[in-house]
Amino acid sequence: MKTIYIHHPLRDITYKSKNERYFMDSERQALLDYRTAHDDTWRMKLRFEKAKGDVLLTQNLLHDIDYEREELQEMLAYYTTQIDLTDVDIAHTIEIRFQVELRDFYLQVRKLHQRIIKFYDHVAALESEYNELIDTYFRSSKPIDPLNFSILDDIFKFHEDRETNIKSLDKDLQEFLQTLNAVYAILDEYIQLYNEFSQHYSASLQKIEHLMKAMQKLNSIWGDEG
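Counting from 1, one number per residue, gives the positions in the sequence shown under our numbering.
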């Protein structure tokens, strides 16, 4: 027998030929399609890993925003013990000693609000990729389905008339299907991460809006500066 070895970035393909006859055209095409399935699975893996990585990187940016928001919330808690921020005449009741630092605090909150608005550019990109991946690989039939992989069926069915050794080919196929399942597991991890990020983003947005509302009365004093 002759060993057929194909070095591939997804996994090495290895099977044997009987070395008794030439490969039939249909058999050669099936084996080529099998290799193409490896190519497509490799591209899927790269895409899933990139999508997962993009969520993690964006999550880290959101953590930075959260950290800044938490600091400002602590400052707000302090100021509310010193000043009534709901007072309609707050512009006339703030003590001079608080004017400078309260103005600085107010502008920091405004900048944070602008930052979370700009952050939506990242969110929109993630949402677009998520919807496309879900539509392609989750809501509809999988382009390469490990439970319905039929590319090599004819070789197995008519193995007596084929050049490929089916024992070695079946072993390689089972390993490929395991790899394919592992690739789809990356997609599952990505979906979970994205949903967690989406919930995190919504919560952060609400907390920043709450912070902005708490500063509403100060708009009459420094609103044009933010």
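By construction, the Cβ of each residue, glycine as well, lies at the ideal position given by its N, Cα and C atoms.
Secondary structure at residue i, three-state DSSP: helix, strand or coil?
i      : result
Ile6   : strand
Ser204 : helix
Met212 : helix
Gly226 : Interpretation of Gly226 is limited by its pLDDT of 49, a score under 50 that renders its predicted location unreliable; no figure is taken from the coordinates.
Asn228 : Residue 228 is absent from the model: the chain starts at 1 and stops at 226.
Thr179 : helix
Phe149 : coil
Ile144 : coil
Tyr22  : coil
Thr86  : coil
Kindly identify the DSSP beta-bridge partner or partners of residue i.
i      : result
Tyr15  : Ile4
Thr164 : Ser17
With 7 Å as the threshold, decide whether the Cβ of residue i is near any Cβ in chain C.
i      : result
Phe176 : Structure shown: chain C not included; a single protein chain is present.
As a quick exercise: from the options, pick the residue whose alpha carbon is nearest that of residue i.
i      : options                          : result
Lys52  : His8, Ala30, Tyr194 and Ser198   : Tyr194
Tyr120 : Lys207, Ala30, Leu10 and Ser198  : Ser198
Leu10  : Leu102, Tyr190 and Asp172        : Asp172
Leu177 : Glu163, Phe149 and His113        : Phe149
His200 : Asp66, Ile83 and Glu127          : Asp66
Ile1   : Lys18, Ser204 and Thr14          : Looking at the sequence shown, residue 1 is not Ile but Met. Ranking the options by Cα distance to Met1, first place goes to Lys18.
Thr3   : Gln206, Leu169, Tyr190 and Asp25 : Leu169
Glu127 : Glu196, Lys213, Gln174 and Tyr22 : Glu196
Tyr5   : Ile191, Leu32 and Met24          : Leu32
Met75  : Ala37, Leu107 and Asp39          : Leu107
Thr179 : Ala37, Met24, Thr136 and Glu27   : Ala37
Thr58  : Ala124, His8 and Asp39           : Ala124
Leu147 : Phe158, Gln174 and Asp161        : Gln174
Leu133 : Thr80, His8, Glu49 and Asp25     : Glu49
Arg139 : Gln99, Asp39, Ile191 and Arg115  : Ile191
Ser204 : Ile117, Phe105, Glu189 and Arg43 : Ile117
Can you tell me where the alpha helix (DSSP H) with residue i in it begins and where it stops?
i      : result
Gln59  : Asp25 to Gln82
Tyr120 : Ile96 to Ile134
Ile155 : Asp153 to Lys157
Buried or exposed for residue i, please, with buried defined as at least 16 other CB atoms from any protein chain shown within 10 angstroms of its CB.
i      : result
Tyr184 : buried
Ile208 : buried
Arg69  : buried
Asn165 : buried
Asp12  : exposed
Lys16  : buried
Glu27  : buried
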